[in-house]
Every structure is written in C-alpha cells, then in structure tokens.
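**Q**
Residue numbers (this note's numbering): 203 to 548.
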C-alpha cells in the first residue's frame, strides 16, 4: 500500500472486528430458532413460515422501538447483557396491546467503534428476551459509525412482528362506564424517563450509580435503574382465550395519563385510585432529588404500573387471580367512567 492510500480501518470501521463480533453471536441467535425459521444467521433476509392454523383471519402486527438513554446507565456500569432483554420486552408488550402473539424480532446495534465482546453481551440479552417471549431473533444489523457516535457510545433498537386473529384483536369497541381497570406492577422505570432520572439523580442530587441511598433499602442507584423491563406476554396471552379482556395499555413514555386514553372510546374516561398500588422507591427518590411535581412524575414514568387491562367487573376477579397465579402482581386500580378520553388520578 502506498503512503497516500487509505483503508476502511483507518477511517474508523474495522470489518475484521465486525466479522469476529458476528461469529460470536451466532449461537445466541440460533438459540431462539424454531421450526418456522427457514434461513440461517447471515442471510440477506430472514425467512419465516407463518403458521395460521386455528385462525380465520390472521392479522400481522408490527412495532419498533428503542431503549432510550438507559444505554447510558448500562454503559456507565459496564453491564451490557440486560439491555437487549429490555428492548425485546418493550416491543413484545407493545404488540400485546393488540392481543398479538410475537413471531420474530430484528435488532439494530450502532456504535462508534465495535467491541465484539460488548456486541456479544448485548445480543445475548436480546436472545434471552426472545426466548422468554417465545419469539425468534430472525435478523439484525450492526453498524459502526465513527463521527456519528462518540467513542464508547452505542444505540439499540428493535422491530417485532406478531400475529392475532382479527376477531380477537384489541381493543374491542365494547368498553363502557363501570368496567374495571386492572394494573400489573412494574419493577421500576422499564425503558422510559431515563433522561429525567439521570438529570435528577446524577446532575442535581450528585448521586453516582454506586450510591446506596436509604430510600432504596441497600440497593445501588445503578441496580435500581437497570431493573429489566417486565415482559407481560407469557402471563397475559393465555388470558385472552379464557377471559374477554376489552383493552390493554402498555404504560411507557407519557405514563398513565397519556397511554390509557389511546385505547379508550370517545365517550369514556378512566378514574384511578392512587392508593391501590405500591410505587417502587426509585420513583420517590427521583421526585425528591429533582423536585419533580407529582403531575410530571405521572406524565413521564409508569409509577409502578407497567400494563393496564380493562375488563367487565364480572371478569376482573378471575383475571386478577389468574395473573397472580402466573407470578404477576395484579390489582384493581380503577374504573371506566363517562367522559372524554382522559385519566383522573385520585
């Protein structure tokens, strides 16, 4: 090579490192495969044989999302094998809202300079999340982009496709005043609100990921922030064939205030009783550290409720019992009332 020649590696992209990283994730990816997968790792496109047996009118449901600045907390702690499971759970829960069963998932990992060992841990987490949700990791993209990301930074996003029989798709247009609102507990922030949380805890209060404030009962701030986004599909999907759930809302960015109205008809509101569920201590710590108003907390965070189900009062007790038997913490948190689509928290 003459002195004036350049290489891709000199410009910041190492194809050899990329190939090492891809070789290292093959077993993780294949561990999610089932009989519907028709291609192997490395194919240009992932092929999936759709099984629609038992469905009269199958509908595909898709969603795409990321994990936001939770990746900053994970990077600061050097923990990379959980953030992928966060991503899968978020996407699975999003299509669960339509009553869909997950089929396959694709991930996108972008960074300034690829470290094969970090990629391996991230994809391991994605594969773990996929197996937990009975979902295939059928493809993905790894991008090395110096100049776009700072050294040591990375981002993660994913796309999911699921299926539901059209007759079973949610929400059903039968929600009315008096229906019960059931909440499934979250274990923390899940994947939303991390920019505000980091600002309040680290910038304002001066805490560190290793700090152990009394509010967290001996846990570190970093551990509390990295609690993995709960995946509700294994507990909720079996219910949909047994009970007539009318609607589901995944409580993500926008909190209870913004997400529940997305599944309400034009003439219905929801009244929630704040004392009916326990708020994880990390939220109180964020509120105190950043002097955040109660209203703002409920508009940004899930505040302890990760998923909401709406059902008739006659079925609510059975649904809660079934969810509890599946290991969920489920409780009656409110009711549907007449009004425009909004949430009233009392």
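We put the beta carbon where it would ideally sit given N, CA and C, even for glycine.
1) So with Cβ pairs under 7 Å, would you call residue 274 a contact of chain B?
2) Out of 291, 463 and 364, which one is the CA nearest neighbour of residue 303?
3) What number of angstroms, rounded off, separates the C-alpha of residue 327 from the C-alpha of residue 468?
4) In terms of DSSP beta bridges, what is residue 475 paired with?
5) Which first and last residues belong to the beta strand (DSSP E) in which residue 303 is found?
6) Report buried or exposed for residue 311, applying the criterion of at least 16 other Cβ atoms within 10 angstroms of its Cβ.
7) Name, in chain order, the residues that DSSP records as bridge partners for residue 356.
8) For residue 242, count neighbouring C-beta atoms within 10 Å of its own C-beta (all shown protein chains included) and say buried if the count is 16 or more, exposed if not.
9) How many angstroms separate the CA atom of residue 491 from the CA atom of residue 403?
10) What is the residue span of the alpha helix (DSSP H) that residue 411 lies within?
11) Can you tell which of 372, 392, 286 and 295 has its C-alpha closest to the C-alpha of residue 342?
12) Tell me which residue opens and which closes the alpha helix (DSSP H) that residue 281 is part of.
13) Who are residue 198's beta bridge partners in DSSP?
14) Helix or strand or just coil, what does DSSP make of residue 458?
15) To the nearest angstrom, how far is the alpha carbon of residue 439 from that of residue 516?
16) Who are the near neighbours of residue 531 in its chain, counting only those whose CB is closer than 6 Å to its CB and skipping five residues on each side?
17) Could you check the C-alpha separation between residue 456 and residue 318 for me, to the nearest Å?
18) Please go through the same chain and pick out, in chain order, the residues whose beta-carbon is closer than 7 Å to the beta-carbon of residue 389, but skip the five residues on each side of it.
19) For residue 437, name the three-state secondary structure that DSSP assigns.
20) Tell me the rounded alpha-carbon separation between residue 512 and residue 350.
21) What is the DSSP secondary structure of residue 470, reduced to helix, strand or coil?
22) Just verifying my parser: in three-state terms, what is the DSSP assignment at residue 452?
23) Flag this pair as yes or no: are the beta carbons of residue 297 and residue 338 separated by less than 7 Å?
24) Specify, as a first and last residue, the run of the beta strand (DSSP E) that residue 510 falls within.
25) Please classify residue 288: does DSSP put it in a helix, a strand, or coil?
26) Look at the alpha carbon of residue 557 and the alpha carbon of residue 541, and state the distance between them as a whole number of angstroms.
27) Output the distance between the C-alpha atoms of residue 380 and residue 539, rounded to the nearest integer angstrom.
28) How big is the Cα-Cα spacing for residue 547 and residue 476?
29) Rounded to whole angstroms, how far is the Cβ of residue 356 from the Cβ of residue 275, which I believe are closer than 8 Å?
30) Check whether the Cβ atoms of residue 472 and residue 393 lie closer than 7 Å to each other.
31) Taking the straight line between their C-alpha atoms, what separation do you get for residue 320 and residue 396?
32) Can you list, in chain order, the residues of its chain with a C-beta nearer than 7 Å to that of residue 443? Leave out the 5 residues immediately preceding and following it.
**A** The short version:
1) Absent from the structure: chain B. Only one protein chain is present.
2) Measuring C-alpha to C-alpha distances from residue 303 to each of 291, 463 and 364 identifies 364 as the nearest.
3) 40 Å
4) DSSP lists no partner for residue 475.
5) 303-313
6) buried
7) 313
8) exposed
9) 6 Å
10) It is not in any alpha helix (DSSP H) - residue 411 carries neither H nor E in the DSSP assignment.
11) Answer by Cα proximity: 286.
12) No alpha helix (DSSP H) holds residue 281; DSSP gives it neither H nor E.
13) Because the chain in this structure spans residues 203 to 548, residue 198 falls outside the shown range and cannot be described.
14) helix
15) 20 Å
16) 387
17) 35 Å
18) 429, 432 and 482
19) helix
20) Roughly 43 Å separates the two Cα atoms.
21) strand
22) strand
23) Result no, Cβ atoms of residue 297 and residue 338 do not sit closer than 7 Å.
24) 507-513
25) When DSSP states are grouped into helix, strand and coil, residue 288 belongs to the helix group.
26) The structure shown does not extend to residue 557, since the chain is modelled only from 203 to 548, so the question has no answer here.
27) 6 Å
28) 6 Å
29) Going by Cβ atoms, the distance from residue 356 to residue 275 rounds to 13 Å, so no, they are not a contact pair.
30) no
31) Between residue 320 and residue 396, the C-alpha separation is close to 21 Å.
32) none
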